[in-house]
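Going by this note's numbering, the first residue of the sequence shown is number 10, and it counts up by one from there.
Note that beta-carbon positions come from the ideal geometry of N, C-alpha and C, so glycine has one too.
Each remark here refers to the structure printed beneath this line.
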Amino acid sequence: MKVTFTTRHFEPTQALKERINKKLGRLDKFGRIDHLEVVLELDGRIRKAELIAKLRHEVLTAKGENHNIYNAFLTAYRKLEHQLRNYEERITSHHK
10 MKVTFTTRHF EPTQALKERI NKKLGRLDKF GRIDHLEVVL ELDGRIRKAE
60 LIAKLRHEVL TAKGENHNIY NAFLTAYRKL EHQLRNYEER ITSHHK
C-alpha cells in the first residue's frame, strides 16, 4: 500500500507522521488498498483530516475535524475503517 502525505498551512512533526503511519499500518489487514492519500489541513482553529483510499474498483473517502490534528485524523481513520469493513462484507458476500 502506497501512502502519500499532503499538508496545508502547517508542517507536521516527525512524531505526528510516525503515529499516523503506525495507525495506517493496521489497514493492511484489508489488503485491497492500492493507494492511500492523507490530507491534513489547518483551517483557522479547526484541524481537518481527509483519508482517500483507492481500491481496485472503488475510491473511499473519510473526513474528520477537531481542534487537535491527531484527533481529526482518528475520526477520519475510524470512518474509513468502517467503510472498508462494509466494502469487504459486500465483496465476500457477493462471491458466496
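Go ahead and pull the three-state DSSP assignment for T70.
It is a strand residue.
For I42, which of E67, T22 and K31 has the nearest alpha-carbon?
Ranked by Cα distance from I42, the options E67, T22 and K31 are led by E67.
Measure the beta-carbon distance from Y79 to L60 and round it to whole angstroms, keeping in mind my assumption that it falls under 8 angstroms.
Rounded, the Cβ-Cβ distance is 13 angstroms, inconsistent with contact.
Should R56 go down as buried or exposed, given a rule of 16 or more other Cβ atoms within 10 Å for buried?
A residue is called buried when at least 16 other Cβ atoms come within 10 angstroms of its Cβ; R56 meets this threshold and is buried.
Smallest Cα separation from G73: which of H44, D52 and K31?
Looking from the CA of G73, the closest CA among H44, D52 and K31 belongs to D52.
Could you name each continuous beta strand (DSSP E) segment of 3 residues or more that falls completely within the stretch 28-64, going from the start of the chain to the end?
The stretch 28-64 is shown to contain whole beta strand (DSSP E) runs of 3 or more residues at 42-52 and 55-64, in chain order.
Mapping DSSP to helix, strand and coil, what is T101?
Looking at T101 - three-state DSSP - the assignment turns out to be helix.
Report yes if the C-beta of A81 is less than 8 angstroms from at least one heavy atom of the ligand GDP; otherwise report no.
As presented, the structure is devoid of all ligands, the ligand GDP included, so that no description of it is given.
Can you tell me the Cα-Cα spacing of I29 and E97, whole angstroms?
I29 and E97: Cα-Cα distance of roughly 23 angstroms.
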